[in-house]
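S.K.: So that we are looking at the same thing, I have put the structure below in structure tokens.
2 protein chains.
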Amino acid sequence: MRIGELAQVSGTTTKTLRFYEEAGLLPAPERTAGGYRDYAPEALARLDFIRRSRTAGLTLAQIRQVLDIRDAGVAPCQHVQDLLEARLGDLDRQIADLQALRHTVARLRDDAATVDPTSCDATTVCRYL
Amino acid sequence: MRIGELAQVSGTTTKTLRFYEEAGLLPAPERTAGGYRDYAPEALARLDFIRRSRTAGLTLAQIRQVLDIRDAGVAPCQHVQDLLEARLGDLDRQIADLQALRHTVARLRDDAATVDPTSCDATTVCRYL
DNA sequence: CTTGACCTTCCCCTGTACTGGAAGGTCCAT
DNA sequence: ATGGACCTTCCAGTACAGGGGAAGGTCAAG
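Heads up: the protein sequence lines correspond to chains Z and L, in order.
Reading the first sequence from the start, the letters are residues 1 to 129 in full-length UniProt numbering.
Reading the second sequence from the start, the letters are residues 1 to 129 in full-length UniProt numbering.
Spelled out as structure tokens, the structure:
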């Protein structure tokens, strides 16, 4: 399978496939006599795994770790569980941060609706913030 | 006031002050005979405004817009209200996205806790994802 | 034999908000 | 006059996940 075909069936681009290879996520495929990349069908499953992992918000570095474990012949189950747990903690923190920021911004907006604009002063730029 | 002093009283760094000048957030200050930047005291209020705006999650580009309006002699009140409203919409979207992702990841983790690891298969890499 | 689609490597660019460091100039005290 | 603290400009890099485009090679069809 050539790179364009793999890109199409996996729903990505040739640029991304070369980038993944460079980043160590995809093994370097065989080459045809003309120098073209010639992918084995298994590459598609691997790309699906990468896509699913990305959907879960894992970074390419984390995905590479999982793949490295698998490629070393070990089942990465425990590592994946740890990653998911850590990711959940990150998400909770991010959500909490954004909610706190939301409160701040909502309060600024509410103040802006009630405060007299003439009390703005040029040196302070804007008293709404 | 020299750049180091302004950096200290405003709680930032000289690097950042030069960067803000370059980015059009701070007007280029007077220079001393020796070529040193010589800030007027008003610079501090402007930096406070920038800091408050950053706390509200505004980008430097948005802050610059507000400052440009103010520097054109117009009170930026309406623009700031619009910005805050838009920011609130962005935050709501971001929070909703992260919460959806949290659900996805939580479900993956829960599945990982119950599914038999021996059903993993090397080509799929990991059935938890 | 040529055209066009596809492929190759290579290097730079995107956006965000800075940060690090080199080479050199200024100022004040000793 | 010399040391050290401070300042100047300029260049390059950080993290993230690719994207853009140039210059050139390959392959099947007409």
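Heads up, the beta-carbon is just placed ideally off N, CA and C, and yes, glycines get one too.
Keep in mind it's a predicted model, so treat the numbers as computed, not measured.
Examine chain L for any beta-carbon lying closer than 9 Å to the beta-carbon of P76(Z), and answer yes or no.
M.R.: Judged by the 9 Å Cβ criterion, P76(Z) is in contact with chain L.
S.K.: Would you tell me roughly how many angstroms separate the C-alpha atoms of Q78(Z) and L17(Z), rounded to the nearest one?
M.R.: So the alpha carbons of these two residues sit roughly 28 Å apart.
S.K.: Would DSSP call D111(L) helix, strand or coil?
M.R.: Here D111(L) sits in helix by DSSP.
S.K.: Hey, is F49(L)'s beta-carbon within less than 9 Å of any beta-carbon in chain Z?
M.R.: For F49(L), the answer is yes, since a Cβ of chain Z falls inside 9 Å of its Cβ.
S.K.: With burial defined as no fewer than 16 other Cβ atoms inside 10 Å of the residue's Cβ, what is the status of Y36(L): buried or exposed?
M.R.: Label assigned to Y36(L): exposed.
S.K.: Quick check on Q12(L) - is its C-beta less than 9 Å from some C-beta in chain Z?
M.R.: In the sequence on display, residue 12(L) carries Thr and not Gln. Chain Z contact via Cβ: absent.
S.K.: According to DSSP, simplified to helix, strand and coil, what is D92(L)?
M.R.: Helix.
S.K.: Since I believe L84(Z) is in contact with A112(L) (beta carbons under 8 Å), could you give me their beta-carbon distance rounded to a whole number of angstroms?
M.R.: A112(L) to L84(Z), Cβ: 6 Å. Contact.
S.K.: Beta-carbon within less than 8 Å of L6(L)'s beta-carbon, same chain only, minus the 5 sequence neighbours each way: which residues are those?
M.R.: Here the set comprises L17, Y39, A43, L44, L47.
S.K.: Return the chain-ordered ranges of every alpha helix (DSSP H) run that is complete within the region 51 to 98 of chain Z and spans a minimum of 4 residues.
M.R.: Runs found: 60 to 71.
S.K.: Any beta carbon from chain L within less than 9 Å of D38(Z)'s own beta carbon?
M.R.: No, D38(Z) lies away from the interface with chain L (no Cβ there is under 9 Å from its Cβ).
S.K.: Identify, in the order they occur along the chain, each residue of the same chain with its Cβ nearer than 6 Å to the Cβ of S53(Z), setting aside the five sequence neighbours on each side.
M.R.: For S53(Z), where only same-chain residues beyond five positions count, the Cβ hits under 6 Å are I63.
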